[in-house]
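Enquirer:
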Ligand SMILES: Nc1ncnc2c1ncn2[C@@H]1O[C@H](COP(=O)(O)OP(=O)(O)OP(=O)(O)O)[C@@H](O)[C@H]1O
Ligand SMILES: [Mg+2]
């Protein structure tokens, strides 16, 4: 609402403008809420896209484990070939464990809340995830440099990379093409100022493809919400606006350079955070203890309890097992354990 008034007092004129900001504030709040909902929905969708690739990767892993277990049980006739199968089982299981860890990182809300994360580690994880979703006739290469922590969660970095690489894949289509990712630490100085970035150290992530490229008109519109050149069932036109939203909220910038028919390159600048996070402290020989411990293993599956008990005992620790929380509580009342 806009009210203009003109008053006359003691001979002086007053010209005033009153603006009602309530509606503007409400609109701003609604916009923020919608943005949050959109962010959440995009994350769920990204997890959905991953599910297909992950299921495929798990099938491979399980067939190796199953096959090798059968070889060890029925085929291998000497100690050496049995050991070989067992060590392949261990390696492949670790691959599955790693995949689960990455998936949890991708979907975990807790990690999303993190203020900052190691850029190289997050980019490496995202690339590994992207590889499971993009066909192998598209080559994905990366040249990733350590550049410390950035003020963005690893989930946000995963989302940025997944959206950019999915777009690159769509721009390439069903032919052998390439996606190149690079990460460099750069200094933005007063003379190289970009998009109003504050001078300082930045992580520069580049995602380049040899897809169809963009014409000038499309290039100006790609970050707009709902702008898509894909069919209605193929694209919602939200991917890049989510990427833009994340980067802007983290005081970074995103630019694109493209040539129609040749390909595109997206440049993402994220400010590097100083110092080392407290929870990044890792286990070193100084803070690890070699003393024998008394450990209580709690799990409802007999097989899992047996495995843990055997491995822990082989390291020289004492173990007891409980099937569930009630049995565990009863045992801790009777005996003192170092670790449960
Ligand atoms: N690497 C690229 N090469 C060529 N065009 C691109 C590239 N990335 C984005 N675009 C263009 O920008 C448009 C908007 O991209 P955006 O990711 O926002 O939405 P979308 O991919 O169409 O749909 P969504 O991501 O919601 O599934 C795309 O439809 C496409 O025309
Ligand atoms: Mg997209």
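In our numbering, the protein residues as written are 6 to 345.
Each residue gets a CB set at the ideal place from its N, CA and C atoms; glycine is no exception.
Every value quoted in this text rests on a predicted model; they were computed, and no experiment measured them.
1) Report the partner residues of residue 209 according to the DSSP bridge assignment.
2) Identify the residues that DSSP records as bridge partners of residue 268: which are they?
3) DSSP puts residue 123 in a beta bridge; with which residues?
4) For residue 79, does the count of other Cβ atoms within 10 angstroms reach 16, so buried, or fall short, so exposed?
5) I need the straight-line Cα distance from residue 1 to residue 256, nearest angstrom please.
6) Starting from the Cα of residue 218, find the closest Cα among 231, 174, 186 and give me that residue.
7) Given this structure, state the Cα-to-Cα distance separating residue 194 from residue 207, to the nearest angstrom.
8) Need the endpoints of the alpha helix (DSSP H) that residue 311 sits in, please.
9) State the Cα-Cα distance for the pair residue 4 and residue 134, rounded to the nearest angstrom.
10) For residue 212, which of 259, 247, 33 has the nearest alpha-carbon?
11) Confirm the yes/no value for this check: CB of residue 172, any heavy atom of ligand 1, distance under 7 Å.
12) If we ignore side chains and look at the alpha-carbon of each, how far apart do residue 34 and residue 250 end up?
13) When burial is assigned at 16 or more other CB atoms within 10 Å of the CB, is residue 140 buried or exposed?
14) According to DSSP, is residue 285 helix, strand or coil?
15) Only counting the same chain, and skipping five residues up and downstream in sequence, which positions put a Cβ closer than 6 Å to that of residue 29?
16) Would you mind giving the Cβ-Cβ distance between residue 209 and residue 274, rounded to the nearest angstrom? I have them listed as a contact below 8 Å.
17) In this structure, what does DSSP give as the bridge partners for residue 303?
18) Would you say the beta carbon of residue 214 comes nearer than 7 Å to a heavy atom of ligand 1?
19) What does the alpha-carbon distance come out to for the pair residue 121 and residue 202?
20) Indicate, with yes or no, if ligand 1 has a heavy atom lying under 7 Å from the CB of residue 241.
21) Ligand 2 and residue 64: does the residue's C-beta get closer than 7 Å to at least one heavy atom of that ligand?
22) Would you mind working out which of 300, 320, 323, 327 sits nearest residue 308, comparing C-alpha positions?
23) What's the C-alpha gap between residue 314 and residue 149?
24) Give a yes or no on contact between the region 149-158 and the region 122-132, applying the rule of three or more CB pairs nearer than 8 Å.
25) Is residue 345 helix, strand or coil when you go by DSSP?
26) Could you tell me the boundaries of the alpha helix (DSSP H) in which residue 165 lies?
27) Apart from the five residues on each side of it in sequence, which residues of its chain come closer than 6 Å, Cβ to Cβ, to residue 187?
28) Between which two residues does the beta strand (DSSP E) containing residue 148 stretch?
29) Is it right to say residue 161 is buried, meaning 16 or more other beta carbons lie within 10 angstroms of its own, or is it exposed?
30) Compute every distance between the C-beta of residue 219 and the non-hydrogen atoms of ligand 2, then say whether any falls below 7 Å.
31) Go through its chain and collect everything with a Cβ distance to residue 325's Cβ below 8 Å, but skip five positions before and after it.
32) Return the residue from the list 97, 90, 39 that minimises the CA-CA distance to residue 65.
33) Should residue 67 be labelled buried (16 or more other beta-carbon atoms within 10 Å of its own) or exposed?
34) Quick one: Cα of residue 235 to Cα of residue 101, how far?
35) Please name the residue or residues paired with residue 183 in a DSSP beta bridge.
Expert: Reading it off the structure:
1) To locate residue 209, count along the chain shown from 1; it is residue 204. Answer by DSSP bridge pairing, in chain order: 189, 274.
2) Mapped onto the chain shown, residue 268 falls at position 263. Paired residues: 264.
3) Within the chain shown, residue 123 is the residue found at index 118, counting from 1. DSSP, once it has assigned bridges, lists 154 as partnering residue 123.
4) By 1-based counting over the chain shown, the position of residue 79 is 74. Exposed is the call here.
5) For residue 1 there is no data in the structure shown, the boundaries of the chain being 6 and 345.
6) Taking the first residue of the chain shown as position 1, residue 218 is located at position 213. Comparing Cα-Cα distances from residue 218 to each of 231, 174, 186, the minimum goes to 174.
7) One-based indexing of the chain shown puts residue 194 at position 189. One-based indexing of the chain shown puts residue 207 at position 202. Their Cα atoms are separated by approximately 10 Å.
8) Sequence index remark: in the chain shown, residue 311 carries index 306 (1-based). Unbroken alpha helix (DSSP H) run through residue 311: 307-319.
9) Examination of residue 4 is not possible in this model, given that the chain is present from 6 through 345 alone.
10) For the purposes of this step, residue 212 is taken as the residue at position 207 of the chain shown. Out of 259, 247, 33, the CA that lies nearest to the CA of residue 212 is found in 259.
11) The residue given as residue 172 occupies position 167 in the chain shown. Yes, ligand 1 has a heavy atom inside 7 Å of this Cβ.
12) Indexing the chain shown from 1 puts residue 34 at position 29. Indexing the chain shown from 1 puts residue 250 at position 245. Cα-Cα distance, rounded: 16 Å.
13) For this step, residue 140 is matched to residue 135 along the chain shown. Flag for residue 140 reads exposed.
14) Indexing the chain shown from 1 puts residue 285 at position 280. In this predicted model, residue 285 has a pLDDT of only 34, less than 50, meaning its place in the structure is not dependable enough to derive any value.
15) Counted from its first residue, the chain shown places residue 29 at position 24. Nothing meets the Cβ criterion.
16) Residue numbering aside, residue 209 sits at position 204 when the chain shown is read from its first letter. Residue numbering aside, residue 274 sits at position 269 when the chain shown is read from its first letter. With a contact defined as Cβ atoms closer than 8 Å, residue 209 and residue 274 qualify at about 6 Å.
17) Translated into the one-based positions of the chain shown, residue 303 becomes position 298. DSSP lists 327 as partners of residue 303.
18) As a first step, residue 214 is located in the chain shown; it is residue number 209 there, counting from the start. Inclusion of residue 214 in the 7 Å shell around ligand 1 follows from its C-beta lying nearer than that to a non-hydrogen atom of the ligand.
19) Residue numbering aside, residue 121 sits at position 116 when the chain shown is read from its first letter. Residue numbering aside, residue 202 sits at position 197 when the chain shown is read from its first letter. Distance from the CA of residue 121 to the CA of residue 202, rounded to the nearest whole angstrom, comes to 18 Å.
20) The count along the chain shown starts at 1 and reaches residue 241 at position 236. Within the cutoff, so yes.
21) Here residue 64 is taken as the residue at index 59 of the chain shown, counted from 1. Because no heavy atom of ligand 2 lies under 7 Å away, the Cβ of residue 64 does not count as near it: no.
22) The residue labelled residue 308 in the question sits at position 303 within the chain shown. With distances taken between CA atoms, residue 308 lies nearest to 327 out of 300, 320, 323, 327.
23) Counted from its first residue, the chain shown places residue 314 at position 309. Counted from its first residue, the chain shown places residue 149 at position 144. Residue 314 and residue 149 have their alpha carbons spaced roughly 40 Å apart.
24) Flag = yes, the region 149-158 and the region 122-132 touch.
25) Here residue 345 corresponds to residue number 340 of the chain shown, with the count starting at 1. Here residue 345 sits in coil by DSSP.
26) Taking the first residue of the chain shown as 1, we reach residue 165 at position 160. Start and end: 159-177.
27) Here residue 187 is taken as the residue at index 182 of the chain shown, counted from 1. Closer than 6 Å at the Cβ level, and outside the excluded window around residue 187, lie 148, 211.
28) Working through the chain shown from its first residue, we reach residue 148 at position 143. Looking at the DSSP string, the run of the beta strand (DSSP E) that includes residue 148 is 144-149.
29) Working through the chain shown from its first residue, we reach residue 161 at position 156. Flag for residue 161 reads buried.
30) Locating residue 219 in the chain shown gives position 214, counting from the first residue. For residue 219, the shortest C-beta to heavy atom distance toward ligand 2 is 7 Å or greater.
31) For the purposes of this step, residue 325 is taken as residue 320 along the chain shown, with counting starting at 1. Setting aside the 5 residues that flank it on each side, residue 325 is surrounded in the same chain by 299, 300, 301, 302, 336, 340, 342, each with a C-beta closer than 8 Å to its C-beta; the list follows chain order.
32) Residue numbering aside, residue 65 sits at position 60 when the chain shown is read from its first letter. Of the listed residues, the one whose Cα sits closest to residue 65 is 97.
33) Residue numbering aside, residue 67 sits at position 62 when the chain shown is read from its first letter. Residue 67 comes out exposed.
34) Along the chain shown, read from residue 1 onward, the residue named residue 235 stands at position 230. Along the chain shown, read from residue 1 onward, the residue named residue 101 stands at position 96. Here the C-alpha atom of residue 235 lies approximately 35 Å from the C-alpha atom of residue 101.
35) Translated into the one-based positions of the chain shown, residue 183 becomes position 178. Residue pairing of residue 183 in beta bridges, as defined by DSSP: 144.
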